[in-house]
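Engineer: Pasting a structure below so you can have a look.
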Amino acid sequence: MAIKVAIFGVGLIGGSLGLCLKGKPEITVVGHSHRPGSLNRMIERGVVDAATASMEEAAADADFIFLCVPVGNLEEYLRKLNELPLKPGCIITDVGSTKASISACAETCSRPGVHFIGGHPMAGSERSGVEAASTLLFENAFYVLTPSAGVPEEAYLRLEQLLGYTRAQIVRVDPVLHDEIVGAISHLPHIIAVALVNQVCDYDKDNGLHRMLAAGGFRDITRIASSDPIIWRDILLSNRDVLLSLLQDWNREIDGFIHMLEERDGERIEQAFQKANQFRGELPERRKGAITSLYDIYIDVPDHPGIIGQIATELGVQHINLSNMQIIESREDVPGVLRLSFRQENEMERAKQHLHAQGYAVYL
Ligand SMILES: NC(=O)c1ccc[n+]([C@@H]2O[C@H](COP(=O)([O-])OP(=O)(O)OC[C@H]3O[C@@H](n4cnc5c(N)ncnc54)[C@H](O)[C@@H]3O)[C@@H](O)[C@H]2O)c1
Ligand SMILES: O=C(O)C(=O)C[C@]1(C(=O)O)C=C[C@@H](O)C=C1
1 MAIKVAIFGV
11 GLIGGSLGLC
21 LKGKPEITVV
31 GHSHRPGSLN
41 RMIERGVVDA
51 ATASMEEAAA
61 DADFIFLCVP
71 VGNLEEYLRK
81 LNELPLKPGC
91 IITDVGSTKA
101 SISACAETCS
111 RPGVHFIGGH
121 PMAGSERSGV
131 EAASTLLFEN
141 AFYVLTPSAG
151 VPEEAYLRLE
161 QLLGYTRAQI
171 VRVDPVLHDE
181 IVGAISHLPH
191 IIAVALVNQV
201 CDYDKDNGLH
211 RMLAAGGFRD
221 ITRIASSDPI
231 IWRDILLSNR
241 DVLLSLLQDW
251 NREIDGFIHM
261 LEERDGERIE
271 QAFQKANQFR
281 GELPERRKGA
291 ITSLYDIYID
301 VPDHPGIIGQ
311 IATELGVQHI
321 NLSNMQIIES
331 REDVPGVLRL
341 SFRQENEMER
351 AKQHLHAQGY
361 AVYL
């Protein structure tokens with residue numbers, strides 16, 4: 001039985017879904033873009049079977065419709081789709097980072113025989129656009145679904161089955177609760193990262209040493225500050241009330257640090273780091289979308305051309321699967337420390353032993 005999947009907004013998330021679904025048995029993926037100029041790009045990138053700028057054409061006969069546009073455009077798309085002829089039993093879902101407003105909208109414009117099930121894959125990147133799409137983006141991540149009470153179980157199960165191709169773990173959550181929790185673990189961290197980068201950016205205007213000396217710590221905590229401004233404008237405005245409350249709690253945390261410093265309270269500073277260290281250590285590390293630190297080793301890399309390729313080749317020859325590598329930049333243009341990440345502990349151990357035997361300084 002042929003299954004048509006329509007994806008509206010083929011960027012990082014829409015494109016990654018396309019990569020997961022395209023080529024699977026009986027499935028045809030059609031991408032929609034509001035900009036005709038983007039259609040060729042999604043075909044060339046291989047994320048869809050066909051592309052169109054016509055909403056009618058994309059939606060016609062679709063079994064599943066994924067809305068992957070910015071949060072601020074979701075409601076407009078849902079309302080427009082509601083005016084089009086849709087296949088009976090069609091499931092409309094979205095991937096927006098907030099769930100309360102789109103779920104409420106779906107309740108007001110529901111129609112018989114068409115089911116809306118809110119969705120949110122807890123995986124992503126600071127990169128955007130179809131070029132950043134990846135087949136592996138959702139693997140092992142949680143994928144939240146927020147069906148309203150009126151959605152038949154049969155429809156929920158059909159969507160869950162289709163999403164099996166993403167290899168994500170599906171979890172059912174109430175939309176309002178979703179926004180409270182995701183506000184704390186995703187939206188608030190993005191605000192903090194941006195505020196921190198902008199604070200340092202202002203200091204850097206007076207003294208460019210800030211930019212030069214910014215090393216691993218600054219880069220680790222601020223990666224997500226490079227996220228797309230439009231996508232994040234929409235997310236923050238959509239979760240405004242939750243965020244205003246979370247920011248008040250944040251101010252209290254920061255006031256706590258001001259107090260500890262004013263009082264020179266070393267004991268409480270230590271306790272704050274211990275508490276954070278313990279909680280972070282308990283996070284499910286190898287699950288993408290939570291924390292992707294995996295099993296890491298660090299090696300000192302001498303400053304000569306090709307050294308990084310050489311290390312990757314050394315591991316490849318030994319059939320050791322490297323999951324990620326990152327230069328921890330301490331000085332511009334000078335490789336200093338290389339972080340190598342592995343999915344399996346035994347791969348990390350083998351890499352450590354092998355590189356050590358080759359004369360590299362390796363440490364955990
Ligand atoms: N980036 C992440 O880490 C992440 C993770 C999970 C969910 N999401 C959600 O996924 C959705 C898409 O985000 P993304 O990261 O793939 O962004 P993206 O910028 O990579 O893709 C957005 C897509 O929407 C299209 N688009 C942009 N403005 C539009 C408009 N005005 N009308 C119609 N289409 C428009 C773009 O052409 C693009 O194809 C958002 O709702 C976001 O909240 C993002
Ligand atoms: O890894 C990242 O770069 C992300 O920002 C992913 C992230 C997150 O905050 O964890 C961002 C937005 C989402 O809606 C879900 C996941």
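Residues in the sequence shown are numbered from 1 upward in steps of one, following UniProt numbering. Note that beta-carbon positions come from the ideal geometry of N, C-alpha and C, so glycine has one too.
Report whether the distance from the Cβ of Pro-305 to the nearest heavy atom of ligand 1 is below 7 Å.
Structural biologist: Residue numbering aside, residue 305 sits at position 305 when the sequence shown is read from its first letter. Outside the cutoff, so no.
Engineer: Name the DSSP beta bridge partners of Asn-324, please?
Structural biologist: Here residue 324 refers to the residue found at position 324 when the sequence shown is read from its first residue. In the DSSP output, where bridge partners are listed per residue, Asn-324 has Ser-341.
Engineer: Do Gly-119 and Val-151 have their beta-carbon atoms positioned less than 8 Å apart in this structure?
Structural biologist: Walking along the sequence shown from the start, residue 151 turns up at place 151. Walking along the sequence shown from the start, residue 119 turns up at place 119. For Val-151 and Gly-119, no; Cβs fall outside 8 Å.
Engineer: In chain order, what are the residues with a CB under 5 Å from some non-hydrogen atom of ligand 2?
Structural biologist: Those residues, listed in chain order, are Ser-97, Gly-124, Ser-125, Glu-126, Ser-186 and Ile-224.
Engineer: Leaving out five residues on either side along the sequence, give the residues of the same chain with a beta carbon under 6 Å from the beta carbon of Ser-341.
Structural biologist: Along the sequence shown, read from residue 1 onward, the residue named residue 341 stands at position 341. Closer than 6 Å at Cβ, skipping near neighbours: Leu-294, Asp-296, Ser-323 and Asn-324.
Engineer: Mind checking whether Val-69 and Val-48 have CB atoms under 8 Å apart?
Structural biologist: The residue given as residue 69 occupies position 69 in the sequence shown. The residue given as residue 48 occupies position 48 in the sequence shown. No; because the gap between Cβ atoms is not below 8 Å, this pair is not in contact.
Engineer: In its own chain, which residues sit with a C-beta less than 8 Å from the C-beta of Lys-80, not counting the 5 before and 5 after it?
Structural biologist: As a position in the sequence shown, residue 80 is number 80, starting the count at 1. Within the same chain, Lys-80 has close Cβ partners Met-55.
Engineer: Quick check: does the Cβ of Pro-121 come within less than 7 Å of any heavy atom belonging to ligand 1?
Structural biologist: Here residue 121 refers to the residue found at position 121 when the sequence shown is read from its first residue. Because some heavy atom of ligand 1 lies under 7 Å away, the Cβ of Pro-121 counts as near it: yes.
Engineer: Apply the 10 Å Cβ neighbour rule to Lys-352 and answer buried if 16 or more other Cβ atoms are within range, or exposed otherwise.
Structural biologist: Locating residue 352 in the sequence shown gives position 352, where the first residue counts as 1. Counting Cβ neighbours within 10 Å, Lys-352 comes out buried, since at least 16 surround it.
Engineer: Per DSSP, Gly-118 forms a beta bridge with which residues?
Structural biologist: Counting from 1 along the sequence shown, the entry for residue 118 is found at position 118. Answer by DSSP bridge pairing, in chain order: Thr-146.
Engineer: In whole angstroms, give me the CA-to-CA distance for Gly-46 and Ser-226.
Structural biologist: Walking along the sequence shown from the start, residue 46 turns up at place 46. Walking along the sequence shown from the start, residue 226 turns up at place 226. So the two alpha carbons sit approximately 26 Å from each other.
Engineer: Taking a contact to mean a Cβ-Cβ separation below 8 Å, would you say residue 368 touches Ser-148 in this structure?
Structural biologist: The structure shown does not extend to residue 368, since the chain is modelled only from 1 through 364, so no value can be given for it.
Engineer: Beta-carbon within less than 7 Å of Ile-231's beta-carbon, same chain only, minus the 5 sequence neighbours each way: which residues are those?
Structural biologist: Position 231 of the sequence shown holds residue 231. Answer for Ile-231: Pro-70 and Ser-128, listed in chain order.
Engineer: Any idea if Lys-275 is buried or exposed, counting beta-carbon neighbours within 10 angstroms, 16 or more meaning buried?
Structural biologist: As a first step, residue 275 must be located in the sequence shown, where it is residue number 275. Under this definition Lys-275 is an exposed residue.
Engineer: From the DSSP output, which residues share a beta bridge with Arg-172?
Structural biologist: Residue mapping note: residue 172 aligns to position 172 of the sequence shown, counting from 1. According to DSSP, Arg-172 bridges with Leu-145.
Engineer: With respect to the alpha helix (DSSP H) encompassing Leu-67, which residues constitute its N-terminal and C-terminal limits?
Structural biologist: Residue mapping note: residue 67 aligns to position 67 of the sequence shown, counting from 1. Counting along the chain, Leu-67 falls outside any alpha helix (DSSP H), though it belongs to the beta strand (DSSP E) covering 64 to 67.
Engineer: Would DSSP call Lys-205 helix, strand or coil?
Structural biologist: In the sequence shown, the residue the question calls residue 205 occupies position 205. Three-state DSSP puts Lys-205 in a helix.
Engineer: Given a cut-off of 8 Å, decide if Val-144 and Gly-15 are closer than it, judged by their beta-carbon atoms.
Structural biologist: Walking along the sequence shown from the start, residue 15 turns up at place 15. Walking along the sequence shown from the start, residue 144 turns up at place 144. No, these two residues do not count as a Cβ contact at 8 Å.
Engineer: Am I right that Ala-100 and Val-176 are in contact with their C-beta atoms under 8 Å? What's the rounded C-beta distance?
Structural biologist: Here residue 100 corresponds to residue number 100 of the sequence shown, with the count starting at 1. Here residue 176 corresponds to residue number 176 of the sequence shown, with the count starting at 1. Right, the Cβ-Cβ distance comes to about 5 Å (below 8 Å), so this counts as a contact.
Engineer: Would you list the one or two residues that DSSP bridges to Val-5?
Structural biologist: Residue numbering aside, residue 5 sits at position 5 when the sequence shown is read from its first letter. DSSP lists Val-29 and Phe-64 as partners of Val-5.
Engineer: Using a Cβ distance threshold of 8 Å, determine whether the segment 194 to 205 contacts the segment 239 to 253, with at least three qualifying pairs required.
Structural biologist: No: the two stretches stay apart, fewer than three of their Cβ pairs being nearer than 8 Å.
Engineer: Given that a residue counts as buried once 16 or more other Cβ atoms are within 10 Å of its Cβ, and exposed if not, what is Tyr-363?
Structural biologist: The residue labelled residue 363 in the question sits at position 363 within the sequence shown. Tyr-363 comes out exposed.
Engineer: Which same chain residues, not among the five before or five after Ala-2, have their C-beta less than 6 Å away from its C-beta?
Structural biologist: Counting from 1 along the sequence shown, the entry for residue 2 is found at position 2. Closer than 6 Å at Cβ, skipping near neighbours: Glu-26.
Engineer: Is it true that the CB of Arg-111 sits closer than 8 Å to the CB of Asn-82?
Structural biologist: The residue given as residue 82 occupies position 82 in the sequence shown. The residue given as residue 111 occupies position 111 in the sequence shown. Yes, they are a contact pair.
Engineer: What's the gap between the Cα of residue 372 and the Cα of Glu-107?
Structural biologist: Outside the displayed span of the chain (1 to 364) sits residue 372, for which this structure offers no information.
Engineer: State the Cα-Cα distance for the pair Glu-262 and Leu-196, rounded to the nearest angstrom.
Structural biologist: By one-based count along the sequence shown, residue 262 stands at place 262. By one-based count along the sequence shown, residue 196 stands at place 196. Their Cα atoms are separated by approximately 21 Å.
Engineer: For Val-71, which three-state DSSP category applies?
Structural biologist: Residue numbering aside, residue 71 sits at position 71 when the sequence shown is read from its first letter. If DSSP states are grouped into helix, strand and coil, Val-71 belongs with the helices.
Engineer: Quick check on Ala-51: does DSSP put it in helix, strand or coil?
Structural biologist: What you label residue 51 is simply residue 51 of the sequence shown in a count that begins at 1. Of the three classes helix, strand and coil, the one that applies to Ala-51 here is strand, per DSSP.
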